[in-house]
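Below: one structure, written as structure tokens.
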Amino acid sequence: MSLDMTIQYTGFQLKPRGREYSYRVVDPKAEPREFTLSISNQAFVERHVPYQDAAAICYQKLQKELAAENPEQPLRRHFTISDQELDAYREKYRPVKRRGF
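Residue 76 in the working numbering sits at position 90 of the sequence shown; the count goes up by one each step and never skips.
Given below as structure tokens:
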């Protein structure tokens, strides 16, 4: 991922099976690109990830994919956030608080 590259969040849409988050990637050396990332409704409930964290989760996934991109194999334009990615996010940013006795 180029340091000059900018990722812009452009919104989300409710779909029957989940939410789709849209991003525009602007790179001065290339044409702007549009990406969508999906999270299923079931994943929000089962993984205990709040809806308000979804845009950040998708942003981090897109950053990671862009960093690993190479010219011979451009990125696909749609990604689905996996249960493992949701679990990793929750463990890092929303750890379970233990009660002390």
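Backbone N, C-alpha and C fix where the C-beta goes; we use that ideal spot for every residue, glycine too.
Quick caveat: nothing in here was measured; it's all calculated off a predicted structure.
Item: Residue environment, R5, which counts as buried when at least 16 other CB atoms sit within 10 Å; Value: buried
Item: Strand pairing of E6, partner residues [DSSP]; Value: Q(-1), S24
Item: Straight-line gap, E51 to R19 (C-alpha atoms, nearest Å); Value: 13 Å
Item: For A42, the first and last residue of its enclosing alpha helix (DSSP H); Value: 40 to 54
Item: Nearest to P46 (by Cα), restricted to the options N27, L0, A74, A16; Value: Pro is not the amino acid found at residue 46; the sequence shown has Gln there. Measuring from the Cα of Q46, the nearest candidate turns out to be A74.
Item: Alpha carbon of Y9 to alpha carbon of V31, nearest angstrom; Value: 24 Å
Item: According to DSSP, residues forming a beta bridge with H34; Value: Answer by DSSP bridge pairing: none, since H34 is not bridged.
Item: Pairwise C-alpha distance: I67 and K1; Value: 15 Å
Item: Spatial neighbours of P14 in its chain, beta-carbon cut-off 7 Å, leaving aside the 5 residues before and after; Value: D(-10)
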